[in-house]
Amino acid sequence: MAEAIIIDGKEFSSNLRNKIAKDVETLKKERNVVPGLAVILVGEDPASRIYVRKKEEMTEAVGMNSLSYRLDADASQQELLDLIQTLNNDPAVHGILVQLPLPKHIDTPTILEAIDPAKDVDGFHVVNAGLLAIGKPTLVPCTPAGCMMLLENNLGSLQGKHALVIGRSTIVGRPMAQLLLTADCTVTVAHRHTKNLEELCRQADIVVAAVGIPHFVKASWLKPGAVVIDVGINRIPAEDPAAKAAGKTRIVGDVDFAEAVKVASAITPVPGGVGPMTIACLLNNTIQAARNLTPVS
Ligand code: GUN
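Numbering (the working numbering), first residue to last: 23 to 319.
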C-alpha cells in the first residue's frame with residue numbers, strides 16, 4: 023500500500039487566514055465594523071504566554087483589533103469577572119478568550135459561564151456546548167472545528183464513516199464527537215476506562231487521537247486506509263544522543279507517526295497538522311461573532 027497523504031495543516035490554515043482577512047475587509051466595508059478579539063491571560067505560565075502572543079499576532083495579521091489583558095497570577099476571581107463584564111458590554115469587542123489553565127484559586131466554570139455566549143469564541147460556554155450537543159453548532163471549540171475542516175477537505179462527506187475519538191476532554195474529545203455525529207458519522211468515544219481499545223481502533227475509518235500521551239496509538243491498531251487526526255502536542259527528549267544530553271526536546275503527537283504513515287490513507291503530522299488550525303478557527307469564530315453581533319448598516 024502507498025504511504026499516506028500527509029495532511030498539511032500549515033498550508034490549509036494559511037489559506038483560511040487569507041480568506042478571513044478578506045472577510046475582515048468585507049465587514050469593514052459593508053458594516054463599518056472592525057472585528058475585535060480580547061484575550062485575557064492570568065499569570066505567567068510560559069506555554070500560555072507563547073500561545074497568547076501567537077493568537078494576538080495572528081489577530082492583527084488578518085486586520086482585526088487585538089485587545090490584550092494581562093492579570094497577575096494572584097488576581098482575584100472577582101477582578102477577572104469584572105473585566106469579563108466590561109468586555110461583554112463593550113461594542114468594540116466581538117470575541118472574548120480567557121486562556122486556560124487558570125490559577126488554582128479561580129473556578130474555571132464560573133469564569134467561562136460569565137462570558138457572553140455571543141462573544142464566546144472558544145465555544146466553551148454551556149449555551150454553545152448545548153447548541154452543539156443538539157446538533158446546532160454555533161460557536162464551536164477551535165481545535166475540533168479545525169479537525170473537521172481537515173477531515174472534510176480530505177474525505178468530502180463523512181456520512182456513514184465509523185469515527186473513533188480517543189479522549190473526552192471538554193476542549194477536544196467531547197466537542198469532536200458531537201461534530202462527527204452531526205456530520206452523520208457513527209461515533210465511538212474512548213477514554214481511560216475503555217476496554218479493547220485496539221479492537222475498536224481497528225474498526226475505525228477515522229481515528230482522532232487527543233490523549234496527551236506520546237506515540238500512544240500504534241500503527242498495528244489502525245485499519246489499513248484509515249484517516250488519522252493527531253491532536254497531541256507532547257514534548258519529549260530529543261532523539262539525537264548529543265542533543266538529548268544537552269537537554270534539547272522535540273514535539274511529537276499521540277500517534278506513532280513513522281509507522282502509522284505506512285498504514286493510514288491520510289494522516290496529520292505533528293507539528294504542522296492540527297496545531298496551526300486552532301488559531302485560524304479562533305479567528306473564524308471571531309468573524310462569525312462579529313457578523314452575528316452587528317447588523318448590516
Ligand atoms: N488552553 C489550551 N487550549 C486552549 C484553547 O483552545 N482555548 C483557551 N482559552 N485556552 C486553551
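Even glycine gets a Cβ: it sits at the ideal position worked out from N, Cα and C.
For clarity, every value in this text was computed on a predicted model and none was experimentally measured.
Leaving out the 5 sequence neighbours to the left and right, which residues in its chain are closer than 6 Å to residue i when beta-carbon positions are compared?
i, result
"M170", "L201"
"G195", "V187, G189 and A232"
"N307", "V143 and L161"
"C303", "C164, A167 and G168"
"L219", "A212"
"K240", "D278"
"A185", "L202, C207, V209 and I228"
Output needed for residue i: all residues of its chain with C-beta closer than 7 Å, excluding positions within five of it in sequence on either side, in chain order.
i, result
"I301", "K76, K77 and M80"
"K141", "N110, V115, H116, G117, I118 and A311"
"P125", "V64, G65 and A95"
"V283", "E25, A26 and I289"
"T316", "R53 and V55"
"K32", "G294 and P298"
Kindly give me the distance between the Cβ atoms of residue i and residue j, rounded to whole angstroms, as I take these residues to be in contact under 8 Å.
i, j, result
"G295", "D252", "6 Å"
"V211", "R224", "With 8 Å as the limit, V211 and R224 do not qualify as a contact, their Cβ atoms being about 17 Å apart."
"P236", "I258", "5 Å"
"L180", "A199", "Contact doesn't hold; Cβ gap of about 13 Å is too wide."
"G269", "N256", "So it is not a contact: roughly 17 Å between Cβ atoms."
So who's on the other strand from residue i, going by DSSP bridges?
i, result
"P259", "T271"
"D252", "A231"
"G58", "N87"
"V120", "I62"
"A151", "None; A151 has no bridge partner."
"H184", "T208"
"L93", "V64"
"A288", "I27 and V249"
"V239", "V277"
Drop a sphere of 10 angstroms on the beta-carbon of residue i, count the other beta-carbons inside from all chains shown, and report buried for 16 or more, exposed for fewer.
i, result
"A231", "buried"
"K217", "exposed"
"T165", "buried"
"P291", "buried"
"D262", "exposed"
"D278", "buried"
"S35", "buried"
"H147", "buried"
"V318", "exposed"
"N314", "exposed"
"P298", "buried"
"P197", "buried"
"P159", "buried"
Keeping to the same chain, check which residues put their C-beta closer than 8 Å to that of residue i; ignore five residues upstream and five downstream.
i, result
"A248", "A226, D227, I228, V229, V285, A286 and S287"
"I106", "I62, I118, V120, I133, A136 and I137"
"E101", "L93"
"I309", "I42, D45, V46, L49 and P57"
"N328", "Nothing about residue 328 can be reported from this structure: the residues present for the chain run from 23 to 319 only."
"A155", "Q200"
"I193", "L122, F146, P163 and T165"
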